[in-house]
Every structure is written in structure tokens, then in C-alpha cells.
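Below: one structure, written as C-alpha cells.
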Amino acid sequence: MNKPVEEPADVRSLLGMNTPAAVAILLFYCAGIAAPAFIAVHVTHSHVWQCAITVVAYWCVGIALLVVHGDPLPLRTTVLITAASPVMTALVILTPPWTTYVHAIWPSNVYMVLLTFLCVRGRTGFALIAMATTVPVIAIWTTVTGQGGPITGVMLSLPNFGPLAMSTMFAYTIRPAAAKIYAARAEQDSALQRIEKEAEKRKVLDQRLRDLAEAARPLVEQVGDGRGLTPDHPKACEALESQLSAILRGSGLVHAVVNPSADAARDRGVAVKLFDDGDLDELDDEVRERLLRGIAAELDEVQNGEIIIRTVPPGRAELATVRAQSDSTVRRVGFGLSGELTRSSVRSVA
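Here the working numbering is used: the first residue of the sequence shown is 40, the next is one more, and so on.
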């Protein structure tokens, strides 16, 4: 069964942050960040390298918010993103020469978009910290440049709290919903996998029943015609009975991996008894395949006598046990939770 490619089960996937459209929006935003920086340099004729560093830093933050995995965002990345707002704002407006250009606080304004996404990535508290530490920087700037003192800086920062408040509400609403959505999706995928496995199992069982019907028909017709049975017929009947019993009692072991080995053992005169007391469908595909191949190998090994193969109920230390008794020995085998052979013992029969 082909497994679907797994996507990150977090807000990144829900909002399409791992799609080409998101990359296109990021590129547009990066261009938008450069615009106010260019205008500020053009108007003030200063702070060229400060603005350039800020633009590059904000580009890196935007990329990190888009591509860094983890929900919530990893702490180290979060701290760096939080620090970027006050540090970059201070770099532009608190380094000489002083300027009273009204849009000099562009680093704080454009960074608000990134802080909203920081909220969405599960770090609302850090976004609030970033905003709270940026306001004093602007207040210092308005005080030093004689623009009305710290109150002016606070008033200039107030509009940025609107988008931050909305993104905070959005984060506390959409993030729990995202968890429920992905839990429902995982449950749906699990149900579909169970249905597919059951359909595959039913298909194998139906084919085995058709094969049994084809094999039994000549025997039934011969008895019905009154021709009697030959000495070979009892052996054939026993083999058919063993196969039918496996379908009824050991359906989980009726599998394309096991069937050829079981049929070959029956042809050698071995009494094959299969009992499915476990739930192989709940196993990982790789573990199940490994277990079935190990069981097939045990069937290939036995040459005469009787072999009893039993899958055990969930919660035990083993997935299956095998007891093979020949004319001279008794072999006991156990398969562990990984599907591999974990114990084997042989003793002689008197």
C-alpha cells in the first residue's frame, strides 16, 4: 500500500505557508520592506548601512517564519525574531545623525506584519514582548529629537497594537481549531487505511475460497457419481479442511506471503493449523511483512508432523508463536513486537 506524502500537521500547512503562493507573498513583502528604507535614505541622505542591515535582517525573519518547522516556533528562532524589532528600530533611529523625518520609524511599522505571523506560529507572548520593547525605543527617539517627549513616541506606536491584537485573537482561535482539524484528518486517514487493509484481506480470502471450491469440486463430483475415493483422496480432503480452517480461524495469516509456504507444507503431509488471535491489521506494514515472512520460513522448514501457528492478543510481549512437532523433535518459536524471531527452542521427542 502506497503511503501518502506526509505534510507538517501544524498551522504552517493549514494556512498554506508551505506552498508556492506563500513564497510569492513573501517575495512581495520583501520588496515592500525595501521601499520605505529606500525612501528614508533618499529623504534624509543618511543611515544607509543601518537601513540596509535592517532590510536584510527582516528578510531573514520573513524566511524563518515561513520555513522553520515546529509548532510552536522553536524557542531560539523565536527569541531572535523578538529581539529584531527593538534592535533594528534602534539601529535606524537612535544612531547619529539624528533625524526628525516622520517616517523614520518605518522599521517598527513594517515589522508588525512579521509579528502577526509570530502570533500565528504560536508565540503570541513573544510578539507582545517585541512590541512592548520597541515602544520605549521610539519614545527615546521622540524625546531626544525634541518631538514632544515620550508621550509622542507612545502615540506613534499605538496604531501597531491594532493588528497585533487582531492577530492575537486569531491565534487563540485558529490554533486550537488547527489541532482539531488535524486530529480529525488523522482519524480519517486511519479509518481509510483500515478499510483498505480489510478490503485487501477480504480479496485474498475470497480468492482462497474460490481456489478451495475448484479443488473440492472434483472430489464432490466423484462421490456424487458413486465412483468412490482412492487412497490419495483422504490426504487431499485433509489439506482442503486445513485450508478452510485457516480461513475461518486464522484469517489474518491467510496472506500472499504465507499461502505458498502453507500449501507446500500441506502437500508434504504436514498438518498446518493457523489461529489468528491477534490483530495483524493494526501493525505497521513493515512489521507485519517481517512477521509473515518469518512465519513462511517456519512453514518451509517443517517436513512432517504438525505445525501450529498462533498470533497472540495485543498487549503481549510477542506477536506470534509457532509450535512444530515432527517425528523426533518439537520446535517452539516466538516472534517479538518488531516481527523478528526472538526465541527458539528444540527438544527431542522420545
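Note that the Cβ used here is the ideal one computed from N, Cα and C, for glycine as well.
As the structure is a prediction and not an experimental result, all values here were calculated from the model.
query: Rounded C-alpha distance that separates V259 from R249; result: 15 angstroms
query: Bounding residues of the alpha helix (DSSP H) (the contiguous stretch that carries V106); result: 87-106
query: Start and end residues, beta strand (DSSP E) containing S383; result: 380-387
query: Collapsed DSSP secondary structure at M40 in the structure displayed; result: Here the model assigns M40 a pLDDT of 43, short of 50, so the residue's position is not dependable, and the following value carries that caveat. Coil at M40, not helix or strand.
query: Touching by the beta-carbon criterion (3+ pairs, under 8 angstroms), the segment 111-124 and the segment 151-158; result: yes
query: Helix, strand or coil at D250 [DSSP, three-state]; result: helix
query: Cβ-based burial, E337 [other Cβ within 10 Å; buried from 16]; result: buried
query: Other residues of its chain near G289: CB distance less than 6 angstroms, five sequence neighbours each side excluded; result: L313, F314, D315
query: Simplified DSSP state of G358, which is helix, strand or coil; result: In the sequence as displayed, the identity of residue 358 is Leu instead of Gly. Strand.
query: Environment of V311 [buried if 16+ CB atoms lie within 10 Å]; result: buried
query: Continuous beta strand (DSSP E) assignments of at least 3 residues falling wholly in the segment 285-335; result: 310-315
query: Span separating the alpha-carbon of K42 from that of E325; result: Confidence is the limiting factor: at K42 the pLDDT is only 46, short of 50, which leaves the residue's position unreliable, though a coordinate-based value still follows. Distance between the alpha carbons of K42 and E325 is about 12 angstroms.
query: C-alpha distance - I334 paired with S387, whole-angstrom precision; result: 22 angstroms
query: Three-way DSSP call (helix, strand, coil) for T128 in this model; result: helix
query: T368 in three-state terms, based on DSSP; result: strand
query: 8 angstroms Cβ cutoff met for C90 and V100; result: no
query: Stretch pair the segment 100-115 + the segment 167-179: three plus CB contacts closer than 8 angstroms; result: no
query: Under 8 angstroms between C-beta atoms of V243 and V293; result: yes
query: Secondary structure of A363, DSSP reduced to three states; result: strand
query: Sub-8 angstroms separation of V351 and G378 beta-carbons; result: no
query: Beta strand (DSSP E) segment containing D347, residue limits; result: In the sequence as displayed, the identity of residue 347 is Ile instead of Asp. Taken as a continuous stretch (DSSP letters only), the beta strand (DSSP E) holding I347 covers 345-350.
query: Residue burial classification, C276 (beta-carbon count within 10 angstroms, cutoff 16); result: exposed
query: Proximity to Y140 [Cα-Cα], best of H84, T117, E328; result: H84
query: Rounded straight-line distance, which links the Cα of A210 to that of Q246; result: 53 angstroms
query: G373 in three-state terms, based on DSSP; result: strand
query: Distance, Q232 Cα to R224 Cα; result: 12 angstroms
query: Where V341 falls: helix, strand or coil (DSSP); result: coil
query: Separation of R332 from Y97, as counted between CA atoms; result: 56 angstroms
query: Pairwise C-alpha distance: Q227 and W390; result: No answer is possible for residue 390: it lies beyond the span of the chain, which begins at 40 and ends at 389.
query: Three-state secondary structure (DSSP) of M194; result: helix
query: Sub-8 angstroms separation of G161 and R214 beta-carbons; result: yes
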